[in-house]
Amino acid sequence: MSFSKAFERVGIQSSKSKASTKLEINPEEVPMMYRAQVSGRCSLQFAGNNQDLEDWRKEWVDPKLDNDPQPRYQRKEPKLGLDGSIYRIKIEFPFRLSSNCGQDSILRPIMGKNGIPYLSGSSVKGLFRRACKDSPNKLRLYCGDDDNLTPSTLGFRFHGAYPIGDWSGMRKVRVRKRGEMIMETRYRMLDVIHPQQLRQVGEKDSSPNAFAMVSLFQPTMVFEFSSADPKNTNWQEVENIFLQAIQLGVGGKTSTGYGLGGHLVDRPSEIPKYPITVAFKGRGVSPTLRSDEPEFRPNLFKATLRGHVKRLLAGVTQAGKDIEDRLFGSSSDPSQLQIFWQETAIKYDEIKKPATFSTEGILHIDIKRQESDDIKKQLEFDAQRESDLRFIEQVLMFAFVMGGFGKSWRRVSHEIFYKDYVSKKFEIGCHWELASTDLKWLAIKSIDDLKQFIEGLYTVCRDRFSSQSSSCQTWREAWNPNCVTVYASITRESNVVRLFHDEIFKKTPAIGGRTIVKKFNRKTQEEEDKEQLGFSNVWHRMLPIGNNQYLEIVTVFHSDRSKWKHRDEGDQLKPFLDAIAAKGMKYVWGNQNPLQNSSKSLPSIPTPSKTQLPLSNKPILKPKPPIQ
Amino acid sequence: MYKKAYGIIETLAPLHVGASAGEESGNLNLIFRDQFTQTGIIPGSSIRGRFRADMRQDLRQKNEGYKDYNYWYGQEAPEKGEAAENKKDTTEALVKFEYASIVWLPVYCPNQPVVWVSCPRLLKRYQKLSGKTPYTFTPHTYYGAKDNLTKLFFNLGFIRLDSSDKKLGDYIPDNLENLQSGRDLVLIVSDTEISMIHDMALYRQSRVALDANEKKAKGGAFFNVEALPEGTILTFPTAIKNKGKDDNSWQEYIVDADIEKTKELYFGGLESIGFGRTNVTLYEGLN
Numbered sequence: 001m002s003f004s005k006a007f008e009r010v011g012i013q014s015s016k017s018k019a020s021t022k023l024e025i026n027p028e029e030v031p032m033m034y035r036a037q038v039s040g041r042c043s044l045q046f047a048g049n050n051q052d053l054e055d056w057r058k059e060w061v062d063p064k065l066d067n068d069p070q071p072r073y074q075r076k077e078p079k080l081g082l083d084g085s086i087y088r089i090k091i092e093f094p095f096r097l098s099s100n101c102g103q104d105s106i107l108r109p110i111m112g113k114n115g116i117p118y119l120s121g122s123s124v125k126g127l128f129r130r131a132c133k134d135s136p137n138k139l140r141l142y143c144g145d146d147d148n149l150t151p152s153t154l155g156f157r158f159h160g161a162y163p164i165g166d167w168s169g170m171r172k173v174r175v176r177k178r179g180e181m182i183m184e185t186r187y188r189m190l191d192v193i194h195p196q197q198l199r200q201v202g203e204k205d206s207s208p209n210a211f212a213m214v215s216l217f218q219p220t221m222v223f224e225f226s227s228a229d230p231k232n233t234n235w236q237e238v239e240n241i242f243l244q245a246i247q248l249g250v251g252g253k254t255s256t257g258y259g260l261g262g263h264l265v266d267r268p269s270e271i272p273k274y275p276i277t278v279a280f281k282g283r284g285v286s287p288t289l290r291s292d293e294p295e296f297r298p299n300l301f302k303a304t305l306r307g308h309v310k311r312l313l314a315g316v317t318q319a320g321k322d323i324e325d326r327l328f329g330s331s332s333d334p335s336q337l338q339i340f341w342q343e344t345a346i347k348y349d350e351i352k353k354p355a356t357f358s359t360e361g362i363l364h365i366d367i368k369r370q371e372s373d374d375i376k377k378q379l380e381f382d383a384q385r386e387s388d389l390r391f392i393e394q395v396l397m398f399a400f401v402m403g404g405f406g407k408s409w410r411r412v413s414h415e416i417f418y419k420d421y422v423s424k425k426f427e428i429g430c431h432w433e434l435a436s437t438d439l440k441w442l443a444i445k446s447i448d449d450l451k452q453f454i455e456g457l458y459t460v461c462r463d464r465f466s467s468q469s470s471s472c473q474t475w476r477e478a479w480n481p482n483c484v485t486v487y488a489s490i491t492r493e494s495n496v497v498r499l500f501h502d503e504i505f506k507k508t509p510a511i512g513g514r515t516i517v518k519k520f521n522r523k524t525q526e527e528e529d530k531e532q533l534g535f536s537n538v539w540h541r542m543l544p545i546g547n548n549q550y551l552e553i554v555t556v557f558h559s560d561r562s563k564w565k566h567r568d569e570g571d572q573l574k575p576f577l578d579a580i581a582a583k584g585m586k587y588v589w590g591n592q593n594p595l596q597n598s599s600k601s602l603p604s605i606p607t608p609s610k611t612q613l614p615l616s617n618k619p620i621l622k623p624k625p626p627i628q
Numbered sequence: 001m002y003k004k005a006y007g008i009i010e011t012l013a014p015l016h017v018g019a020s021a022g023e024e025s026g027n028l029n030l031i032f033r034d035q036f037t038q039t040g041i042i043p044g045s046s047i048r049g050r051f052r053a054d055m056r057q058d059l060r061q062k063n064e065g066y067k068d069y070n071y072w073y074g075q076e077a078p079e080k081g082e083a084a085e086n087k088k089d090t091t092e093a094l095v096k097f098e099y100a101s102i103v104w105l106p107v108y109c110p111n112q113p114v115v116w117v118s119c120p121r122l123l124k125r126y127q128k129l130s131g132k133t134p135y136t137f138t139p140h141t142y143y144g145a146k147d148n149l150t151k152l153f154f155n156l157g158f159i160r161l162d163s164s165d166k167k168l169g170d171y172i173p174d175n176l177e178n179l180q181s182g183r184d185l186v187l188i189v190s191d192t193e194i195s196m197i198h199d200m201a202l203y204r205q206s207r208v209a210l211d212a213n214e215k216k217a218k219g220g221a222f223f224n225v226e227a228l229p230e231g232t233i234l235t236f237p238t239a240i241k242n243k244g245k246d247d248n249s250w251q252e253y254i255v256d257a258d259i260e261k262t263k264e265l266y267f268g269g270l271e272s273i274g275f276g277r278t279n280v281t282l283y284e285g286l287n
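Note that the protein sequences, when read in sequence, are chains A and B.
Mapping the first sequence onto this note's numbering, position 117 (from 1) lands on 117, and the numbers just tick up by one.
Mapping the second sequence onto this note's numbering, position 275 (from 1) lands on 275, and the numbers just tick up by one.
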């Protein structure tokens with residue numbers, strides 16, 4: 001029954017006169033939030049140059065004025081500690097914070113009062129419950145009894161949290177447009193998800209879509225609590241439990257560092273106690289937001305690890321998807337692996353294009369402990385976690401030794417190792433080193449060390465993950481000794497980097513990643529040669545080994561010989577291998593005679609012969625003991 | 001016979017007083033609504049219950065054997081098995097409460113200021129309770145800063161801003177945390193429009209319980225709840241039974257109930273996650 005009929009029945013007349021019902025309506029004036037989520041009305045999910053998303057953001061933020069583009073509605077910092085009946089705790093987050101309201105086609109926080117993002121009280125209560133789970137008394141006191149459905153004995157309440165000040169991450173940046181430097185306003189709350197897996201690792205040469213999301217950039221949040229009896233509440237204990245609780249992460253995407261590491265403003269930062277910690281410093285081409293602003297994004301560590309786990313498993317088994325999903329998450333289950341990047345320094349060079357970063361920090365890695373009431377099962381879980389941790393640390397070393405992390409990780413930093421190139425061209429590559437405090441983490445000092453390390457890791461993978469009829473995937477970078485060859489030399493400067501810029505090599509898809517294709521140009525009505533970018537099948541790394549020396553490592557994948565074919569000059573595998581041999585590179589591991597591989601042949605099924613391989617399946621590098 | 005007064009409730013968090021189960025078989029927990037305007041109310045029993053519980057929790061009352069408590073809220077019937085001699089017969093409560101209805105309801109829409117909306121019927125109830133001068137409220141009149149807007153968008157359609165009416169300022173209670181007369185925009189809509197706008201303005205939340213070990217929903221633990229949004233202004237009448245001439249029983253009640261001018265009180269469900277937090281201010285009535 002319509003309400004108007006109900007009103008009619010009770011005799012309420014509409015006070016609107018007929019003449020005054022006229023209203024000029026233009027559908028384009030409807031705010032984006034209330035439009036259909038379809039193309040042409042308001043589609044939000046695509047992160048590219050998406051005007052709908054910009055308009056939607058603008059209406060939500062609702063800038064005060066053009067010269068003051070901060071959000072119209074903001075929360076001021078209230079009195080902290082106990083204020084009347086409310087107890088407030090202020091928390092700073094070092095990276096982003098994401099929570100999802102479950103509406104719209106985009107991940108975005110709940111809009112609280114006046115559209116200000118809000119973390120609901122129920123989320124905070126959930127955190128608290130998790131932190132108290134080993135103490136039934138505290139659980140009953142603050143959260144109530146879940147089984148008997150009794151409320152908190154203290155009458156304790158969780159009021160949720162809100163950001164103070166500008167929550168949109170507004171800032172003005174200088175950008176070059178049509179040759180002129182102008183000031184533009186950017187909002188860092190617009191975040192981007194860019195799944196690259198299929199393109200980087202899988203078999204498809206697909207081009208991935210980037211998706212938009214909204215998350216708060218380094219927010220300062222105020223969490224509020226109250227109790228029915230504020231005078232007899234132990235607020236210090238509440239604060240301690242809460243701090244312990246948020247170390248596990250608030251909101252979504254915590255496995256990649258969102259909502260982690262929140263700490264009190266006037267205390268040293270609280271860091272999650274994870275068993276693997278390594279301090280790195282690195283530089284490279286910076287990840288960017290959808291607005292082209294550089295932002296070093298710690299989720300690249302998880303992506304790198306996942307990619308390498310995929311490559312390593314692809315080299316020993318046709319399966320492996322379940323192991324990868326268990327460790328790194330899938331659409332049905334969250335990731336067991338937890339990563340937190342504790343950034344200690346970051347610098348961007350925005351003048352250059354693309355922008356570059358140099359950063360220092362400590363990478364913390366954990367694998368969630370699974371729990372079971374059955375003691376036998378618990379022992380199994382613990383043993384599995386222990387071997388997973390050892391494996392992940394080996395993979396982390398593999399990533400560090402063979403390439404690097406983040407964008408352009410297959411190449412050495414040209415800024416350091418090819419100085420003449422950088423002055424005229426774009427920056428390419430990255431360079432990662434161990435921070436001085438953690439030099440002992442990795443003991444690779446010679447070509448023999450490298451050989452042992454790779455052999456050890458491959459053995460672990462094969463013994464642990466491969467079934468009897470072990471076979472490998474046909475992927476570009478499947479880590480199988482038949483499909484890959486590693487070369488190395490000890491040097492003070494890069495001898496090989498110039499080869500990648502050789503006119504023929506750089507246009508060979510397997511080396512330069514570039515393919516030349518014929519494309520029809522509409523303007524000239526002629527077919528033209530166009531470059532298409534793909535991924536190189538060669539990795540190049542300068543691994544520091546002390547005394548200003550480097551282990552120059554070149555990793556060559558050659559299972560797909562079609563990629564090695566230059567358009568005019570034919571197969572380039574032999575010329576390339578000859579060229580690197582001429583630069584002093586020595587064979588280290590893998591296929592000793594890659595040239596024998598017949599063109600386009602798929603990798604044959606490797607039959608692991610125990611005699612060739614070290615008998616011990618223990619990794620040569622022991623993981624560090626967990627930090628207490 | 002009665003000394004009247006009224007109260008203003010300003011919600012400081014979403015407020016959910018449920019319509020209870022039975023009527024709805026879906027998974028949206030509705031709030032209690034007034035049958036004519038279809039706008040949210042807090043039933044008198046909920047208000048009385050809150051005030052009563054607060055007095056019961058007061059230590060002074062406890063020490064004095066709930067003397068005042070039983071006096072104001074009526075003597076409870078003896079429970080089964082309890083010695084009847086200790087308990088007198090039930091008595092009538094001296095303090096009465098009626099339901100609270102909305103005076104101003106905030107509606108948030110991106111790209112325009114937050115607008116507090118009301119309708120003639122709701123404002124008339126407030127006018128009667130507060131003893132303000134009667135006034136004819138005209139739909140689509142507004143008061144407060146409107147940022148060069150000529151029309152507003154409310155979720156499903158546009159509504160025109162007709163003319164400014166300063167008189168509306170008199171119907172905005174003083175000392176509210178969220179709404180300030182003259183600064184914030186208030187708008188009158190017709191009695192037929194309010195229910196639709198009210199439904200758009202409600203705070204709705206999906207509630208899900210997560211698995212103890214993993215961040216995913218526990219099976220079946222997923223439902224939705226609606227609530228009056230933060231910043232809603234409601235009003236309710238209350239009265240004290242007179243005992244005789246020149247009776248100041250109202251003042252006595254305020255002392256016994258330990259109510260200062262404004263008191264923070266919680267109404268409705270989901271209190272443990274912050275719902276139902278309000279500021280309640282009592283105003284003495286006319287007679």
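Built from N, CA and C at the ideal position, the CB exists for glycine as well.
Closest residue to residue 183 of chain A among A:141, A:193, A:170 (Cα-Cα distance): A:170
Using a Cβ-Cβ cut-off of 8 Å, state whether residue 60 of chain A counts as contacting chain B. yes
Taking residue 318 of chain A as the reference, which of A:479, A:332, A:503 has the closest Cα? Selected option, being the one with the closest Cα: A:479.
Please confirm whether residue 604 of chain A has its beta-carbon closer than 8 Å to some beta-carbon of chain B. Its pLDDT being 46, under 50, residue 604 of chain A is placed unreliably by the model, and the measurement read from it follows with that caveat. No, because no Cβ of chain B sits closer than 8 Å to the Cβ of residue 604 of chain A.
Would you mind working out which of A:485, A:41, A:283 sits nearest residue 354 of chain A, comparing C-alpha positions? A:283
Less than 8 Å between the beta carbons of residue 143 of chain B and residue 128 of chain B, yes or no? Contact: no.
Nearest chain A C-beta to residue 206 of chain B closer than 8 Å, yes or no? Output row for residue 206 of chain B: interface = yes.
Closest to residue 530 of chain A by CA distance: which of A:81, A:567, A:556, A:233 is it? A:567
Inter-stretch contact (C-beta, 8 Å, three-pair minimum) for the segment 117-128 of chain A and the segment 265-275 of chain B: yes
Cβ atoms of residue 110 of chain B and residue 94 of chain A: under 8 Å apart, would you say? no
May I have the straight-line CA-CA distance separating residue 74 of chain A from residue 116 of chain A, to the nearest angstrom? 7 Å
Burial state of residue 1 of chain B (16 or more Cβ within 10 Å): exposed
Beta-carbon separation (whole angstroms), residue 163 of chain B vs residue 141 of chain B, contact threshold 8 Å: 6 Å
Consult DSSP for residue 172 of chain B and reduce its assignment to one of helix, strand or coil. coil
Quick check: is the beta carbon of residue 117 of chain A nearer than 8 Å to any beta carbon in chain B? no
Which of helix, strand or coil does DSSP assign to residue 566 of chain A? strand
Buried or exposed: where does residue 186 of chain B fall if 16 or more other Cβ atoms within 10 Å of its Cβ makes it buried? buried
Cut-off 7 Å between Cβ atoms - residues of its own chain near residue 336 of chain A, not counting five sequence neighbours on either side: 326, 327, 367, 368
Return the Cβ separation of residue 58 of chain B and residue 258 of chain B in integer angstroms, given the expectation that the two are a contact with Cβ distance under 8 Å. Contact flag correct, Cβ pair sits at about 6 Å.
Near residue 574 of chain A, which residues of its chain fall below 8 Å by C-beta distance, leaving aside the five closest residues on each side in sequence? 595
Give every residue of the same chain whose Cβ lies closer than 7 Å to the Cβ of residue 605 of chain A, excluding the five residues on either side of it in the sequence, and list them in chain order. For residue 605 of chain A, the predicted model reports a pLDDT of 44, less than 50, meaning its position is unreliable; a value from the coordinates is still stated below. Excluding positions up to five away in sequence, the list reads 471.
Cα separation between residue 52 of chain B and residue 73 of chain B? 7 Å
Mind checking if residue 216 of chain B is an interface residue toward chain A, Cβ cutoff 8 Å exclusive? yes
Contact set between residue 222 of chain A and chain B, taken where Cβ atoms lie within less than 8 Å: The contacting residues do not exist; residue 222 of chain A stays about 13 Å from chain B at best.
Using 8 Å for Cβ pairs, my map puts residue 259 of chain A next to residue 250 of chain A. What's the rounded Cβ distance? The Cβ separation is near 4 Å, so the contact holds.
Would you verify that the beta carbon of residue 172 of chain B is, or is not, closer than 8 Å to some beta carbon of chain A? Judged by the 8 Å Cβ criterion, residue 172 of chain B is not in contact with chain A.
Taking all protein chains shown into account, decide if residue 19 of chain A is buried (16 or more other Cβ within 10 angstroms of its Cβ) or exposed. Note that residue 19 of chain A scores 47 on pLDDT, short of 50, meaning its location in the model is unreliable; the coordinates nonetheless yield the value given after this. When all chains shown are included, residue 19 of chain A counts as exposed.
Are the segment 338-346 of chain A and the segment 499-515 of chain A touching by the rule of at least three beta carbon pairs closer than 8 Å? no
So the beta strand (DSSP E) residue 159 of chain A belongs to, where does it begin and stop? 156-163
Among B:153, B:203, B:30, which residue has its Cα nearest to the Cα of residue 18 of chain B? Nearest Cα to residue 18 of chain B within the set B:153, B:203, B:30: B:30.
DSSP beta-bridge partners of residue 159 of chain B: Partner(s): B:152.
Can the beta-carbon of residue 221 of chain A be found closer than 8 Å to that of residue 274 of chain A? For residue 221 of chain A and residue 274 of chain A, no; Cβs fall outside 8 Å.
Sheet register partners of residue 435 of chain A (DSSP bridge): Answer by DSSP bridge pairing: none, since residue 435 of chain A is not bridged.
Alpha carbons only, please: which of A:118, A:185, A:102, A:414 is nearest the one belonging to residue 70 of chain A? A:185
8 Å CB neighbourhood of residue 602 of chain A in its chain, flanking five on each side removed: In this prediction, residue 602 of chain A scores a pLDDT of 46, lower than 50, which makes its location untrustworthy; the coordinate-derived value is nonetheless stated afterwards. Excluding residues within five positions, the ones whose Cβ falls inside 8 Å are 474, 559.
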